[in-house]
Amino acid sequence: MPELPEVETVRRGLAPVAEGRRFERVEISEKHLRFPWPEGFVQQITGRRVEALERRAKFLLWHLSGGLWIVSHLGMSGRYTVFPHAGGARGLGEFYFQPASAPERGPHDHLTLWLDDGTRVVYTDPRRFGFFDLVEEPANHPMLCHLGPEPLSAAFGAEQLAAELARRAAPVKNVLLDQRVVAGLGNIYACEALFVARISPRRKAHTLSPSGRPTLRVERLVAAVKEVLQDAIRAGGSTLRDHQRVNGDAGGYQQQFHVYGREGESCRRPGCSGIIHRITQSGRSTFYCPRCQR
DNA sequence: AGCTCGACCTGCACGC
DNA sequence: TGCGTGCAGGTCGAGC
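FYI, the numbering for the first sequence is 282 to 575, going by our numbering.
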């Protein structure tokens, strides 16, 4: 699912469609997602206008009129699809939206939002690890209040990361997945960033900066995280199976993977003849080149 | 306190 | 074809 670049891709697709519009009608499925639907969810949001769509880490934040926010997490398999009203905004910008004649409700559609211009926005999530919540202050939400810095902001730098790595004994890959350290990386982009930085995912975090001061390797890691995420956003995220843009298109970054999913294939780094390995760390697959990642 | 693992779900690709 | 197994982008909480 969706890591930061996929959520950002969804946000950029939804924002021009939804911002400034009101929810005319709202429907939810009877199935629960990761948590039960918030009390009075449908009544609470019906009639409100969407002031802005924002993102924090992997969370999508719908800022509604009256100071209410929808916190939306896509879990592993969540996606949004936009269906324009017949004769509506088809072809807006670069997007080609799903035809309005698409089926009313699929088995994994859990939320349908009818906007006041007739556009329909549908949230689909087969595995139901995603969730929705309603809050007045998203930063105080229990799942957001401990998040570390946004990786693409100035708050995420070598100074801060070095200090964090120095006090951790776990493999650096696991630490990159800790949302308190940096918020938004997931399994794919942690692997990819470590490859770009030429750092082994197995290396104990504190060995990258024993003193807690920035080192060359930590600087490289910070730059690699930013570069990989920016490239992935530019490509519309990665589509393995579930992720899609709101117009139904797949993302494109999976074609640029350096290591993810490439077990047994040869390393793409110029001059390196290594073979990509897959190992398991904390129950999750890690891909890396043992030859050029140290 | 920090770390690893199982649980939460469904679908799909694989081997027999 | 059919069935069993393992795996998948995330996160929390139990238990070491």
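Even for Gly, the Cβ is constructed at its ideal location relative to N, Cα and C.
If you reduce the DSSP assignment to three classes, tell me which class residue i lands in.
i, result
"THR327", "coil"
"LEU355", "coil"
"SER547", "strand"
"ALA486", "helix"
"GLU311", "coil"
"GLU332", "strand"
"PHE304", "strand"
"SER563", "coil"
"VAL503", "helix"
"LEU285", "helix"
"PHE340", "strand"
"ARG494", "coil"
"THR362", "strand"
"LEU458", "helix"
"TYR541", "coil"
Within 10 angstroms of its Cβ, does residue i collect 16 or more other Cβ (buried), or is it exposed?
i, result
"GLU445", "buried"
"LEU521", "exposed"
"GLN324", "exposed"
"SER434", "exposed"
"VAL298", "buried"
"GLN574", "buried"
"ARG494", "exposed"
"GLU289", "buried"
"PRO419", "buried"
"CYS570", "buried"
"PRO482", "buried"
"LEU489", "buried"
For residue i versus residue j, is the C-beta distance shorter than 8 angstroms?
i, j, result
"VAL509", "LEU442", "no"
"ARG256", "PRO452", "There is simply no residue 256 to check, as the chain begins at 282 and stops at 575 in what is shown."
"VAL456", "PRO432", "no"
"GLY542", "PHE568", "yes"
"SER353", "ARG330", "no"
"LEU349", "LEU428", "no"
"LEU392", "TYR404", "yes"
"VAL503", "ALA439", "yes"
"LEU458", "LEU466", "yes"
"GLN460", "ALA338", "yes"
"ARG549", "HIS539", "yes"
"HIS366", "ASP390", "no"
"GLY518", "GLU287", "yes"
Distance, Cα to Cα, residue i vs residue j?
i, j, result
"THR327", "MET357", "27 angstroms"
"ALA450", "HIS487", "6 angstroms"
"PRO317", "ALA436", "34 angstroms"
"LEU355", "PRO388", "17 angstroms"
"LEU314", "PHE412", "6 angstroms"
"GLY533", "LYS507", "18 angstroms"
"PHE376", "ASN528", "With a pLDDT of 48 at PHE376, under the threshold of 50, the predicted position of this residue should be treated as unreliable, though the coordinate-derived value follows. Taking the straight line from one Cα to the other gives about 6 angstroms."
"ALA531", "GLU320", "34 angstroms"
"ARG292", "GLY359", "13 angstroms"
"LYS454", "THR561", "11 angstroms"
"PRO407", "LEU285", "20 angstroms"
"ARG565", "ARG526", "26 angstroms"
"GLN537", "ARG479", "17 angstroms"
"ARG303", "GLU473", "40 angstroms"
"SER547", "ARG386", "44 angstroms"
"HIS422", "PRO430", "16 angstroms"
"VAL363", "GLY294", "9 angstroms"
Within the stretch 382 to 454, ranges of the beta strand (DSSP E) (whole runs, at least 3 residues): 390 to 396, 401 to 405, 412 to 416
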